[in-house]
Amino acid sequence: MKDPAAIVKMIERLKNLKTRDMYLNDFFHTWKESDDELSATFAVAEIFRALRENNISAKVFDSGLGISIFRDNSTRTRFSFASACNMLGLEVQDLDEKVSQIAHGETVRETANMVSFMADVIGIRDDMYIGKGHTYMKEVASAVQEGYDDGVLEQRPTLVNLQCDIDHPTQTMADMLHVINHFGGVENLKGKKVAMTWAYSPSYGKPLSVPQGIIGLFTRFGMDVVLAHPEGYNVMGDIEDIALSQAKASGGSYMRVNSMSDAFKDADIVYPKSWAPFAVMEERTTLVEQGKFDDLKDLEKRCLLNNAKYKDWECTEELMATTKQGKALYMHCLPADISGLSCKQGEVSASVFDRYRVPLYKQASYKPYIIAAMIFLSKFRDPAKKLDELLTAGVKRIK
Amino acid sequence: MKDPAAIVKMIERLKNLKTRDMYLNDFFHTWKESDDELSATFAVAEIFRALRENNISAKVFDSGLGISIFRDNSTRTRFSFASACNMLGLEVQDLDEKVSQIAHGETVRETANMVSFMADVIGIRDDMYIGKGHTYMKEVASAVQEGYDDGVLEQRPTLVNLQCDIDHPTQTMADMLHVINHFGGVENLKGKKVAMTWAYSPSYGKPLSVPQGIIGLFTRFGMDVVLAHPEGYNVMGDIEDIALSQAKASGGSYMRVNSMSDAFKDADIVYPKSWAPFAVMEERTTLVEQGKFDDLKDLEKRCLLNNAKYKDWECTEELMATTKQGKALYMHCLPADISGLSCKQGEVSASVFDRYRVPLYKQASYKPYIIAAMIFLSKFRDPAKKLDELLTAGVKRIK
Amino acid sequence: MKDPAAIVKMIERLKNLKTRDMYLNDFFHTWKESDDELSATFAVAEIFRALRENNISAKVFDSGLGISIFRDNSTRTRFSFASACNMLGLEVQDLDEKVSQIAHGETVRETANMVSFMADVIGIRDDMYIGKGHTYMKEVASAVQEGYDDGVLEQRPTLVNLQCDIDHPTQTMADMLHVINHFGGVENLKGKKVAMTWAYSPSYGKPLSVPQGIIGLFTRFGMDVVLAHPEGYNVMGDIEDIALSQAKASGGSYMRVNSMSDAFKDADIVYPKSWAPFAVMEERTTLVEQGKFDDLKDLEKRCLLNNAKYKDWECTEELMATTKQGKALYMHCLPADISGLSCKQGEVSASVFDRYRVPLYKQASYKPYIIAAMIFLSKFRDPAKKLDELLTAGVKRIK
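Order-wise, the sequence lines are chains A, B and C.
Per the numbering used here, the very first residue in the first sequence carries number 3; after that it's consecutive.
Per the numbering used here, the very first residue in the second sequence carries number 3; after that it's consecutive.
Per the numbering used here, the very first residue in the third sequence carries number 3; after that it's consecutive.
What follows is the structure in structure tokens.
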């Protein structure tokens, strides 16, 4: 546990980071944020966690709403967003839209304004349709900007991407903070090998945003990032390009392979997880837009049949043994498809999963703090000063 | 933006208004409130908005619940109520009743008490059935009064009508505050022509509470209010009687016509909106009570066929050009049926709607403040004093 | 109404009670709590009620979540839990699980941790399946204990049983507090006769937790507790054993009869309420686990047919007249099946129910305070000191 003296030092370090552009801004994709901005997000998340450990209130809003829009099911991100809002003093109000609707244009503009009269933040999950989720978030962001400029809204709510079709920044930032802590500091990550690999799942159509988000973030830390998947299970090419150039800039590397065991070999970190091929996700989006639901069923059947060819893409004890000293950090965004537990055969064997249960929960535990940090950094021009005030005030969370 | 000095003056003006009867009382229909009470509601709403602009907290409850009961779908009123409660320090708890149920009697009495142990306010929308919505609200109000008198409840929650079968006061009060600001003050409204007119919509059975609420409120400001609709699309006669006598008393006028163009001619304000004929709504209520769902479908079919005769009741650019200097204020409670956008043919042409988008959003933006004002005035015997305290304390909303 | 001086005295009395074991602990069954612990729960509930009467804030949390998991429908317990959390400063976040699912094992462990990152309390209702509800709660409790021990959770949320298959402590504790106040003090309960009796209902499968909870609690106060039901409608034998030994220890008695009129004869308190036979509940659980839904329908049919044999088990005016001076306190956990009102024939005649409406609502009104007391006692090592602080601070709830 960090004591108040340690928190003072953490705040000191934050002062060296440029966060001015985060102020009144949205958080869409990690690769749109500078290194300082990512570091600041980690730093603030850690400070919030330390404040909580010390029973010090981080309530910076006296009142205000956090709007959540979940256009796909969610338990952990929903509770993480609610936790973050509550910690900062915002009350969550959920906009319950039909999951299957693909909203756009003027409807988005109107609804975005109508729910935002007293909103300080809007968190959105819209990850199901390629080319739609991020577009929707941008529409909401520009709608509330217009609303603010036009005097409709008293404040401009900032957006937090709770998972789109492209990135899942609250997940991958939490993942990375877990990695940083696991390896004892960001300075120890250089040269570490990361295997972001596809894994078999009996369900179909899992979003691409996690693998894309991982290669789009982890390549910034001088690590050797390997993306592994069966032929045809490609992710978006644009994100691979980003990964490649970031890897170069950071002194690491990025490569793609078609073998799970190649990826696992000597890896320091493994992240085996199912996803649907980008081409399938694109086709699905088109079919949904055209209302061709019979073809959709057909697509699902074809996709599941194809998945079934790769049942051996499972994270087993044998594979784990081939990692660096047999002790790679196993990661997952949860819930995982666990062979013999949540399904007959899935992404990971029960014994591997069980061995990593505590680290997996720790990994997940960073998400509320990461979300709170994103909100906080978009709301305070001088975050270090505000955190200093919170620490000095020392208002007890439990009185 | 109003500065604190301006807020002081606004509070000064509030001191001249008699609001004693609003204390611990409910808000059902605007015509049951005195002129002072309506003025006070506008004044408090404006003060709350100014406080928020100045980042000053309006939290007057340390804890407490605001119960919402939506017996019809709602997005903007739901969020407006949630926003108002949150601003004042109340947490919204939604009582999710089956939409189609017509509750009454002892069940209402019991439920009203069971959800009110820590409730300071109850907001209800029940607008679907003629003779039911208002009745239901009165039952809830008297149930919690009994509960309070009997020592069951520690406090008597006050009611806010979030739309009944008769009136929609949070909507029309927000509408009027928008009008007052648009024309630069309530003193400029005398002699202005208002056209509350029916408009075609491909959907059926929209409530009557908006047109009734508009003629029941706008006739109090010395305006010339015209209600226009096709033959047979009458509203409740009682409300027309109220409109007529109020118009006389305020030095304005009220009349009904069967022509949209007559109503629009030289109008300063137009409010074109679909509704179902009162007779149809009554028949529907009876059929629902009798469980005659086949007849109900029949009624819907007949009604839609009849509506279709009046597709030319659309707010077009041509009609807008006939208003005062072609620049009447276009109003709508949203969402509107926009021709070529949200439907093939509807209440308003896309170009008219789009031109008025910002004013329409502004109109909607008053609703949370109006609801907050209604709650506030029912909870504080001396509202000006309490607002003075809030201003003087100057607790920051965002710290 | 109690004034602050009276509250001081109430707090003084609390100081004599040992509550140390409640600190950071869960509340599962009343019979697992010591006499001091039950007394403290009543005392704190009464103090909270008095604080509220005096408009004094009981907010002891600056922020934090109260997680509610309702695996069966609920209105009054849901609102009671929300009220209690709100009064203490916690925001309710509902985990909406499929009602029909019987979760277990690792899934429970994972979900429990994932929703608890900022949870201070978890309230669970899971009363439908014999052998499941309590088991589920224990699993959640040990999961969050592990999460806390492993450093996953910053705080260990405590559990409140909002009704399981065995006990319904928030209900029965509220019931008992009502009884204590009705008879003018706990010292007046010795020798009072309580009739906890089965009553006919046209619905099937009502949980056993209320009758079990009543005999498991009321036998601790030196009362003569009679459980009456038709042959075959037995409750869990274990709970009867507890009732018997508690009755002996407290100087009261416990007996079971198969006649409603025997039970009512000279009773001071009657609690007529329907439930399903334990054997039926067990069979139902097995059938649900095996997915035998046809057999389930069959079981329901058989059960309803059997119930129908006992339509004369109704709390009528005639029966009430046979109670002590014809004035026994009628109790029910609500909602009741009222003959001629909510159903053709049910648990109680309309005239009896109506006569006791106000006491019934009072009975229910204790539940939010009881829940708040349970949460509070699990969170503060020295509850009297904390209540003293609240009273001395005297922060106004409505400012």
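We put the beta carbon where it would ideally sit given N, CA and C, even for glycine.
Do the region 226-234 of chain C and the region 304-315 of chain C make contact, defined as three or more Cβ pairs closer than 8 Å?
yes
Of the listed residues C:172, C:17, C:146 and C:298, nearest to residue 32 of chain C (C-alpha basis)
C:172
Note down, in chain order, each residue of its chain lying with its Cβ closer than 6 Å to the Cβ of residue 277 of chain A, except the 5 sequence neighbours on either side.
208, 210 and 213
Mind pulling the beta strand (DSSP E) runs of 3 or more residues that sit fully within the region 168-214 of chain A?
195-200
State yes or no: is the beta carbon of residue 70 of chain C nearer than 8 Å to at least one beta carbon in chain B?
no
Quick one: does residue 400 of chain C have its CB under 8 Å from some CB of chain B?
yes
Quick one: list the residues of chain A neighbouring residue 381 of chain C, beta-carbon separation under 8 Å, in chain order.
400
In this structure, what does DSSP give as the bridge partners for residue 404 of chain B?
Chain B is shown only over 3 to 401; residue 404 of chain B falls outside these bounds and no answer can be derived.
Could you give the distance in angstroms between the alpha-carbon of residue 10 of chain A and the alpha-carbon of residue 390 of chain A?
7 Å
So which of B:108, B:93 and B:218 has the shortest CA-CA distance to residue 30 of chain B?
B:218
Which residue wins for smallest C-alpha separation from residue 72 of chain C, given the options C:128, C:86, C:122 and C:323?
C:128
Close beta carbons around residue 97 of chain C, own chain, < 8 Å, minus the five adjacent residues each side:
69, 70, 71, 113 and 117
Any chain B beta carbon closer than 8 Å to residue 10 of chain C:
no
Which residues, taken in chain order from the region 49-67 of chain B, show a beta carbon closer than 9 Å to some beta carbon of chain C?
61, 62, 63, 64, 65, 66 and 67
Going by other Cβ atoms of all chains shown within 10 Å of its Cβ, with 16 needed for buried, is residue 3 of chain A buried or exposed?
exposed
Quick one: complete alpha helix (DSSP H) runs, 4+ long, within the region 281-357 of chain A?
295-310, 319-323 and 352-357
Given this structure, state the Cα-to-Cα distance separating residue 104 of chain B from residue 333 of chain C, to the nearest angstrom.
Because residue 104 of chain B carries a pLDDT of 48, less than 50, the predicted location of this residue cannot be relied on, and the following value inherits that uncertainty. Each residue's Cα considered, the two are about 28 Å apart.
Close beta carbons around residue 379 of chain A, own chain, < 7 Å, minus the five adjacent residues each side
21, 24, 42, 43, 46 and 385
So is residue 366 of chain A in contact with chain C if we call contact Cβ pairs under 8 Å?
yes
What are the start and end residues of each continuous beta strand (DSSP E) run of 3 or more residues lying completely inside the region 221-262 of chain B, in chain order?
226-230 and 255-259
I'd like the list of long-range same chain contacts for residue 343 of chain B, defined as Cβ closer than 7 Å, with 5 residues on each side in sequence excluded.
352
So what does DSSP say about residue 81 of chain B, is it helix, strand or coil?
helix
Which first and last residues belong to the beta strand (DSSP E) in which residue 271 of chain A is found?
271-275
Compute the beta-carbon to beta-carbon distance between residue 388 of chain C and residue 62 of chain C, rounded to the nearest angstrom, for a pair I have assumed lies under 8 Å.
7 Å
Minimum C-alpha distance to residue 241 of chain C - residue among C:254, C:221, C:394 and C:260
C:221
Would you mind telling me which residues of chain B sit closer than 7 Å to residue 91 of chain C, beta carbon to beta carbon, in chain order?
65
Give me the residue from A:341, A:361 and A:304 with the minimum Cα distance to residue 331 of chain A.
A:361
First and last residue of the alpha helix (DSSP H) that includes residue 91 of chain A?
That residue, residue 91 of chain A, is in no alpha helix (DSSP H); it is neither H nor E in DSSP.
Can you tell me which residues form a DSSP beta bridge with residue 124 of chain C?
C:69 and C:161
Check the C-beta distance from residue 134 of chain A over to residue 287 of chain A and give it rounded, since I have them as a contact under 8 Å.
6 Å
Along chain A, which residues have their Cβ under 7 Å away from the Cβ of residue 125 of chain C?
Correct list: empty, because the minimum Cβ distance to chain A is about 15 Å.
At which residues does the alpha helix (DSSP H) containing residue 385 of chain C begin and terminate?
385-395
In chain A, what lies closer than 7 Å to residue 115 of chain C by C-beta?
363
Report the rounded CA-to-CA distance for residue 101 of chain C versus residue 36 of chain A, giving the unit in angstroms.
Reliability fails at residue 101 of chain C, whose pLDDT of 42 lies under 50, so the model's placement of it is uncertain and the value that follows must be treated cautiously. The alpha-carbon atoms of residue 101 of chain C and residue 36 of chain A are separated by roughly 45 Å.
Considering just the uninterrupted stretch of the alpha helix (DSSP H) at residue 47 of chain B, what are its terminal residues?
37-55
I'd like the list of long-range same chain contacts for residue 111 of chain B, defined as Cβ closer than 6 Å, with 5 residues on each side in sequence excluded.
145
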